[in-house]
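Notes for the one structure printed next.
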Amino acid sequence: MLSIIIPAYNEEKCIKKAYDAINSLLIENSIEGEFIFVDDGSQDETYRVISELASEKENIVGLHFSRNFGKESAISAGLSAVSGDCAVVIDCDLQHPPEKIIEMYHLWEAGYEIVEGIKRERGDEKKMHGIGAKLFYSVISRVAGFDMANSSDFKLLDRKVIDVLNKMPERGFFRAISFWVGYKKAVVEYDVAERVDGESKWSTRGLVKYAFSNITSYSTAPMQIVTVLGMVMLVISVIFGVWALIDKIIGRALEGMTTVIIITIFIGSIIMISLGIIGYYIARIFEEIKGRPKYIISSTTKSKRK
Ligand code: UDP
Ligand code: MG
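Under numbering that gives the first Met the number 0, the residue at position 236 of the sequence shown is numbered 235, and the numbers go up by one with no gaps.
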């Protein structure tokens, strides 16, 4: 059986459309499927729509979060609820073309354990977001050590992979973790479609935060930059020190006030940035060590059935 995991945040209008589109494809290709809708603490009627649908149809499970925990958590919850032999994660807005699920499924039948959806076109997005995404993917591909350009959350995973992911306690970045785990991979290219309804849930601020937290969860490079900066500063200060000494010896000592101010400001800001970066990692350690759950499920449609 194929499980379809659909994270949904304020998607009341998209739920039914996504279900109909995907379900009819599954029937056409006689694939047995189950739908796991994870309502990520929506403020609109998303969960009501999901539960109504779940009471009509056999093959739907709905989970409702107690608040908005983010798409990563929603995917996590979905993966924990999978009862199929493999699962596809797909957006609710049908920007990931549902036909590709069938292609992915056939690749899985052929023995691949992870089928990655790779974007051919990035679709409609703000220009700034496009440039930001390019920069983010080049940084994260480098620090994580695998090429993740144009990757997305649209993937099919084998049961084995799902079990491994479910055992990982860390708050990872789904897209990167599925690269990290290895396994036999295939790729399916797709064009990003227009959203069927509603609007994108991402703000520029949200995207920047998302990028930074994913890079730091994959690499300690920013912390090493701090060490490198320290060494560079040491070299510079030795040069300036020698210079200052020579000035003193030949009796020109009082002149360098501007230099002193510039150096003080410069060093001060580097120290502050460095402390900030280190602080950020400590904060991440703190978050992980508290061991709070990645999400809280406040209701599900499972109990209602039977
Ligand atoms: N989503 C979610 N939690 C969030 C934000 C988004 O579960 O906090 C879901 C959303 O409902 C959709 C998917 O993640 O199914 C992708 O979101 P969106 O379409 O807003 O992002 P974009 O396609 O613009 O990257
Ligand atoms: Mg979208």
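Ideal Cβ placement from N, Cα and C applies to all residues, glycine included.
What is the DSSP secondary structure of residue i, reduced to helix, strand or coil?
i	result
Thr-311	Residue 311 is absent from the model: the chain starts at 0 and stops at 305.
His-95	coil
Glu-55	helix
Tyr-46	helix
Val-237	helix
Ser-216	helix
Val-227	helix
Ala-109	coil
Asp-39	coil
Glu-115	strand
Ser-306	The requested residue 306 does not occur in the structure, where the chain is confined to residues 0 to 305.
Ser-2	strand
Return the Cβ separation of residue i and residue j in integer angstroms, given the expectation that the two are a contact with Cβ distance under 8 Å.
i	j	result
Ile-276	Ile-214	Contact flag wrong, Cβ pair sits at about 11 Å.
Val-187	Gly-116	6 Å
Val-48	Lys-15	7 Å
Phe-135	Ile-295	Contact doesn't hold; Cβ gap of about 29 Å is too wide.
Ala-175	Pro-97	With 8 Å as the limit, Ala-175 and Pro-97 do not qualify as a contact, their Cβ atoms being about 25 Å apart.
For residue i, which residues of its own chain have a beta-carbon under 7 Å away from its beta-carbon, when the five flanking residues on both sides are left out?
i	result
Arg-158	Asp-84 and Cys-85
Lys-118	Asn-149, Ser-151, Tyr-189 and Val-191
Note down, in chain order, each residue of its chain lying with its Cβ closer than 8 Å to the Cβ of residue i, except the 5 sequence neighbours on either side.
i	result
Met-0	Glu-31, Gly-32, Glu-33, Ser-82, Gly-83 and Asp-84
Less than 6 Å between C-beta atoms, sequence neighbours within five positions excluded: which residues of the same chain meet that for residue i?
i	result
Pro-221	Ile-276
Ile-4	Ile-35, Gly-77, Ala-86 and Val-88
Cys-91	Ile-5, Ala-7, Glu-10, Cys-13 and Ala-17
Ser-218	Val-142
Leu-164	Leu-78
Here's the rule: buried if 16 or more other CB atoms are within 10 angstroms of the residue's CB, otherwise exposed. What is residue i?
i	result
Trp-107	buried
Gln-42	exposed
Lys-70	buried
Thr-258	exposed
Ser-137	exposed
Thr-45	buried
Val-191	buried
Self-check item: Inside the stretch 129-164 only - alpha helix (DSSP H) runs reaching at least 4 residues
Solution: none
Quiz item: Where in the stretch 162-213 do unbroken runs of the beta strand (DSSP E), each at least 3 residues long, occur, reported from the N-terminal end onward?
Solution: 184-190
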